[in-house]
Amino acid sequence: MIFQESCNAIINLTNDAEDNDRIVPYFPDKPGAFTNYGRMFVNTKKMDEENRFTVYTLEVLPDGCSNSLLLKLIKAKSDSGKSPSTTMILRMLRIVGTSERVATGPVVVHCVSGVGRAGTVILIDVILQRLFTNQLPVDLVEMFRHLRNQRASCLQREAQFLFVVASVVDYIGTRYPGRYREKRDKFKEDYRNSIGAPMVEKKEFEDKKAAVT
Numbered sequence: 001m002i003f004q005e006s007c008n009a010i011i012n013l014t015n016d017a018e019d020n021d022r023i024v025p026y027f028p029d030k031p032g033a034f035t036n037y038g039r040m041f042v043n044t045k046k047m048d049e050e051n052r053f054t055v056y057t058l059e060v061l062p063d064g065c066s067n068s069l070l071l072k073l074i075k076a077k078s079d080s081g082k083s084p085s086t087t088m089i090l091r092m093l094r095i096v097g098t099s100e101r102v103a104t105g106p107v108v109v110h111c112v113s114g115v116g117r118a119g120t121v122i123l124i125d126v127i128l129q130r131l132f133t134n135q136l137p138v139d140l141v142e143m144f145r146h147l148r149n150q151r152a153s154c155l156q157r158e159a160q161f162l163f164v165v166a167s168v169v170d171y172i173g174t175r176y177p178g179r180y181r182e183k184r185d186k187f188k189e190d191y192r193n194s195i196g197a198p199m200v201e202k203k204e205f206e207d208k209k210a211a212v213t
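Be aware that the sequence shown starts at 1, since it is given in full-length UniProt numbering, and climbs by one per residue.
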């Protein structure tokens, strides 16, 4: 599928520590390593470490083809006990969205079920794309319903929808720090109290700013 559809990026949201018995490896995780998966040759040409995830550059070539496909694979690190932060997700999306080569083709986003973590990141990306292109107003609930119509059971828990909202609020707060400050701070406090997921603190502002600008 990756080769057939000329996909230029994969966001892999599986957690090796939690999902190991349900994960089938499909790429070598060491730079310079290569493996044949059936008729598909996969070569890991490069690996770049980020704080909470790893970016792989892969070469994919089926048997009988002369032209290989290069793509990026972004893999979340398995930090046991740590919830994904809005900074981490926005940084992942920035890598996908700002790379000229990556932006030219479809992007695959997957977790184990394909509806929980993957659905959360997809909805965040769709909302941010509407903000980027000034398609206002943005109706989060309607966009969630539309995604559910396309992929049954997408976003499985209320906490995942709240994380979507938190990511968008966090992006707006970093991109436009002077706007809606009181409302953003109030939401951030309520969000922490409700599920305790990490959000960006003041000391992380510069790193977060680099992730979205």
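Beta carbons: idealized from backbone N, C-alpha and C, even for Gly. All values derive from a computational prediction rather than experimental measurement.
For Asn43, the secondary structure class from DSSP, reduced to helix, strand or coil, is strand. The three-state reading of DSSP puts Thr54 in strand, counting E and B together. Taking a C-beta distance under 8 Å as the contact criterion, Val96 and Val107 qualify as a contact pair. For Ile23, same chain residues with a beta-carbon under 6 Å away, outside a window of 5 residues either side, are Thr14 in chain order. Take Ile89, set aside five residues on each side of it, and the residues of its chain with a beta-carbon closer than 7 Å to its own are Val121, Ile124 and Ser167, in chain order.
Counting other Cβ atoms within 10 Å of its Cβ, Gly119 reaches 16 or more and is therefore classed as buried.
Residue Lys188 holds the alpha-carbon nearest to the alpha-carbon of Leu162 among Leu58, Lys188 and Val138.
In this structure, the CA atom of Ser6 is about 7 Å from the CA atom of Leu69. Annotated as distal: Asn12 and Leu58, with beta-carbon spacing of 8 Å or more.
Asp185 and Met92 have their C-alpha atoms spaced approximately 24 Å apart. For the 8 Å CB-CB criterion, Lys75 and Thr54 form a contact. Between Asn8 and Gly105, the C-beta spacing is below 8 Å.
One alpha carbon belongs to Val141, the other to Tyr26, and they sit about 35 Å apart. Just so you know, the alpha carbons of Ile10 and Leu71 end up roughly 8 Å apart. Closest option to Arg94, judged by alpha-carbon separation, among Lys77, Tyr176, Tyr171 and Asp16: Tyr171.
Within 10 angstroms of the beta-carbon of Leu155 lie 16 or more other beta-carbons, which makes it buried. In this structure, Arg39 keeps its C-beta atom at 8 Å or more from the C-beta atom of Asp21. Only buried fits Leu128, as 16 or more other CB atoms lie within 10 angstroms of its CB.
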